[in-house]
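The sequence shown runs contiguously to residue 164 in the working numbering. Single-structure report; data block below.
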Amino acid sequence: MLLHRTGHALETELTARLAEIGLTPRARCVLSSALDAGLTQTEIADRISIDKTTMVVTMDALESAGYAERQPSPTDRRARVVVVTEAGRAIVAKADDVYSDVVGSVLGSLPDNEREGMVNGLTRLVEGRLSAPVACEKPPRKRALRHAVG
């Protein structure tokens with residue numbers, strides 16, 4: 015429960031701070047994943063663990079804001095590749111600054127000798143023991159921020 019409470023508090027703070035620049039954590043995650051990656055909407059959705067409907071809604075908002083465009087895939091005529099615009103690159107840079115500031119502040123509240131160990135331990139858990147989902151009849155909802163925080 016400590017990890018859940020910590021994650022929720024961090025997500026709430028990031029959401030509030032990103033809202034100040036007109037972005038959501040999910041939109042930051044999509045834009046960051048799309049930067050120079052040549053990925054389709056489906057590939058990005060899979061990478062950041064969001065469903066197709068949520069990806070479409072997020073892309074609609076990013077296109078309306080002028081941050082991203084859907085362009086035909088050069089390899090699959092049925093797919094659309096997400097391309098980040100110059101305005102999108104600028105907002106990602108601002109969002110990355112916000113992210114660094116929040117995470118730096120949070121980690122800065124720990125003593126020096128605990129910071130690296132905590133981050134390394136959490137990384138090992140996410141990439142190791144907790145990397146494969148356990149079969150569960152009613153699993154909790156996935157959150158895109160899980161991938162955006164790393």
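Where is the CB? At the ideal position from N, CA and C, for every residue including glycine. None of these values were measured; they are calculated from a predicted model.
Check                                                                                                                                         : Outcome
For ARG40, is the classification buried or exposed, using 16 other Cβ atoms within 10 angstroms of its Cβ as the cut-off for buried?          : buried
Considering VAL70, what are the terminal residues of the alpha helix (DSSP H) in which it resides?                                            : 66-79
Does the pairing of the segment 49-63 with the segment 124-136 give three or more beta-carbon distances under 8 Å?                            : no
Using only the alpha-carbon positions, how far apart do VAL148 and CYS43 sit?                                                                 : 24 Å
Between VAL96 and the ligand NAD, is there a pair consisting of the residue's CB and a ligand heavy atom that are separated by less than 7 Å? : The model depicted lacks the ligand NAD and carries no ligand whatsoever.
Whole angstroms are fine: how far does the CA of GLY80 sit from the CA of VAL95?                                                              : 15 Å
Work out the CA separation of GLU77 and VAL117 for me, nearest whole Å.                                                                       : 28 Å
So does the segment 56-68 actually touch the segment 15-33, counting three or more Cβ pairs closer than 8 Å?                                  : no
From which residue to which residue does the alpha helix (DSSP H) around GLU130 run?                                                          : 126-141
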